[in-house]
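Below is one structure, written out as structure tokens; the observations come after it.
Protein chains: 2
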Amino acid sequence: MKKIAVMGTGGVGQAYASRFITLGYEVMMGTRNVKEKLADTSRDAYGNPPFSEWYSANRNVRLGTFQEAALFGEIILNATMGAKSIGALKMADVKNLNGKILIDVANPLDFSKGMPPSLLPELSNTNSLGEEIQKTFPDVKVVKTLNTMWNGLMVNPAMLDGGNHTSFICGNSAEAKEKVKEIMKSFGWPEKEILDLGDISSARGTEMYLPLWLRIFGATGNGAFNIKVVSLK
Amino acid sequence: MKKIAVMGTGGVGQAYASRFITLGYEVMMGTRNVKEKLADTSRDAYGNPPFSEWYSANRNVRLGTFQEAALFGEIILNATMGAKSIGALKMADVKNLNGKILIDVANPLDFSKGMPPSLLPELSNTNSLGEEIQKTFPDVKVVKTLNTMWNGLMVNPAMLDGGNHTSFICGNSAEAKEKVKEIMKSFGWPEKEILDLGDISSARGTEMYLPLWLRIFGATGNGAFNIKVVSLK
């Protein structure tokens, strides 16, 4: 049975952990401090119930430190907040990450300059979170994908128009991208709707789409949308 | 007959000028120096023939300075290069712009840091070209739209899937946006595919989509595409 480490315990991490469990994976979620995480009874910024509540209802999911989760996982999924991703992965320890595929679904949102958030200047435009992770951990196979939509759609695209909308994938390793595509197909992504944008620098494109996503969300009040690339044949 | 000033003589300006002529408008294109523009026989960065060639074949279009065009136009369309838009509009002179609708279809692309271009840092993330134009010319009704696609689709959306793909519109004046929507509908945009994102600050979203556009173009080699927003009802 394949072992997955889901770094981050927020809504995105929960969506992936649940979905991987239903697909028969073993899942360990990683967090900074397990005791503090389980003792925390506050709702998150979006009004979601505390992690401990979700965790009680999802007993098949294990919880460990970033380090324990990374050691456990054969594949690593980064669902931490973009501003904290590099720090979390450093806590996971490079030796527990090296040689593995790291699926990065996070976005470098900057909440310090008002709402809707902008992007962290040092991780956008001429850089990206995906690239920064790849530069920081050169022996990890970073694959950026699925960061362009609401987490419910990431892991269950068929809920919207039978999956007839587009996801993007970027990374330096063609082999790693193929393996991640297989996972995406198991989520329900049709192969023709997984668009390979090239190497990890293409993460600049998918991350810089977020400000448009946030404004479409703001204008429509509906996060359950995605974009479909429509081409003239 | 409605008079339009098209600022900028590149491929985008040409697409608009031709389209407005076929729709029965009077069109004057604005450029920095008319004599130099007509004497220039070089191809542009994309290998397109010199403006003078296109101009000879489009005799219904007038050509003037930015100032002459702005004076002529009842509506102004900005199709200059984003990095030069503020300067071009200053040359047009604020008194020739005040009170008018300015349709901004430009993008603040920065070609100084390699290809594909990034965005000008001072005109992205916590600012945008659309906002900068609005701040510089507070008595102009700036409407940002159609900057998210290849110029052929901007003015003739029906060529791709009958127009079944999405355009965005942003601006502080609801009345100006309604008038621009009417023009877009005359181009062939279905009303349901013109998504109002709100005030001019939403231009941050549509302009920051460009890096993704450029990477989709790079990966597919096909610029004749657009995105469609697909929503769960």
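Protein chains in written order, with the working numbering: chain S, 55 to 287; chain F, 55 to 287.
Glycine included, every Cβ here is placed at the ideal spot set by N, Cα and C.
Can you find at least 3 beta carbon pairs, one from the region 186 to 193 of chain S and one from the region 142 to 160 of chain S, that sit closer than 8 Å? yes
Would you mind sorting Y100 of chain F into buried or exposed? The rule is 16 or more other CB atoms within 10 Å of its CB. exposed
Given this structure, state the Cα-to-Cα distance separating W267 of chain S from N210 of chain F, to the nearest angstrom. 25 Å
Contact set between the region 166 to 192 of chain F and chain B, restricted to residues whose Cβ is under 7 Å from the partner: No chain B is part of this structure, whose protein chains are labelled S and F.
Please state whether the Cβ-Cβ distance between G62 of chain F and A212 of chain F is less than 9 Å. no
Just tell me which of S:V60, S:I58 and S:S72 has its CA closest to the CA of G206 of chain S. S:S72
Determine, for Y70 of chain S, whether the minimum Cβ-Cβ distance to residues of chain F falls below 9 Å. no
Start-to-end residues for the beta strand (DSSP E) that takes in M169 of chain F: That residue, M169 of chain F, is in no beta strand (DSSP E); it is neither H nor E in DSSP.
Just mark G259 of chain S as buried or exposed, buried being the case when its beta carbon has 16 or more other beta carbons within 10 Å. buried
What are the start and end residues of the beta strand (DSSP E) that includes G118 of chain S? R116 to T119
C-beta neighbour in chain F for F279 of chain S, strict 9 Å: yes
On the criterion of 16 or more Cβ atoms from any shown chain inside 10 Å, does A123 of chain S qualify as buried, or is it exposed? buried
Is the beta carbon of G84 of chain S sitting closer than 9 Å to the one on V60 of chain S? yes
Express the C-alpha separation of N114 of chain S and L286 of chain S in angstroms, rounding to a whole number. 46 Å
Between S171 of chain F and L163 of chain F, how many whole angstroms is the CB-CB distance? I'm expecting something under 8 Å. According to the sequence displayed, residue 171 of chain F carries Pro and not Ser. Right, the Cβ-Cβ distance comes to about 4 Å (below 8 Å), so this counts as a contact.
Tell me, please, whether the CB atom of N218 of chain S is closer than 9 Å to any CB atom in chain F? yes
Using the C-alpha atoms, what's the distance from K195 of chain F back to A228 of chain F? 10 Å
The alpha helix (DSSP H) spanning S227 of chain F covers which residue range? From DSSP, S227 of chain F is part of no alpha helix (DSSP H); its letter is neither H nor E.
Return helix, strand or coil for N132 of chain S, following the three-state DSSP convention. strand
Mind checking the region 109 to 139 of chain S against chain F and listing, in chain order, the residues whose C-beta falls within less than 7 Å of any C-beta there? none
Determine the chain F residues that contact T63 of chain S at a beta-carbon separation under 8 Å, and present them in chain order. None at all; the shortest Cβ gap to chain F is about 26 Å.
Would the region 147 to 159 of chain S count as touching the region 227 to 245 of chain S if we require 3 or more Cβ pairs under 8 Å? yes
On the DSSP bridge assignment, give the partners of V81 of chain S in chain order. S:I58
I need the straight-line Cα distance from F290 of chain F to V88 of chain F, nearest angstrom please. Chain F is shown from 55 up to 287; residue 290 of chain F falls before or after that span and cannot be answered.
Mind listing, in chain order, the continuous beta strand (DSSP E) runs of no fewer than 3 residues lying wholly within the region 259 to 286 of chain F? 279 to 285
Nearest to Q68 of chain F by alpha carbon, out of F:D94, F:E90 and F:N102? F:N102
Can you name, in chain order, every residue of its own chain whose Cβ lies under 8 Å from the Cβ of S178 of chain S, other than the five neighbours on each side? P162, R258, E261 and M262
Could you list which residues in chain F have their beta carbon closer than 8 Å to that of N102 of chain S, in chain order? The contacting residues do not exist; N102 of chain S stays about 19 Å from chain F at best.
Any chance the CB of S96 of chain S is under 8 Å from a heavy atom of the ligand ZN? Ligands displayed in this structure: none; no statement on the ligand ZN is therefore possible.
Supposed close pair R269 of chain S, S96 of chain F - CB separation, criterion 8 Å: The Cβ separation is near 39 Å, so there is no contact.
Buried or exposed for S139 of chain F, please, with buried defined as at least 16 other CB atoms from any protein chain shown within 10 angstroms of its CB. buried
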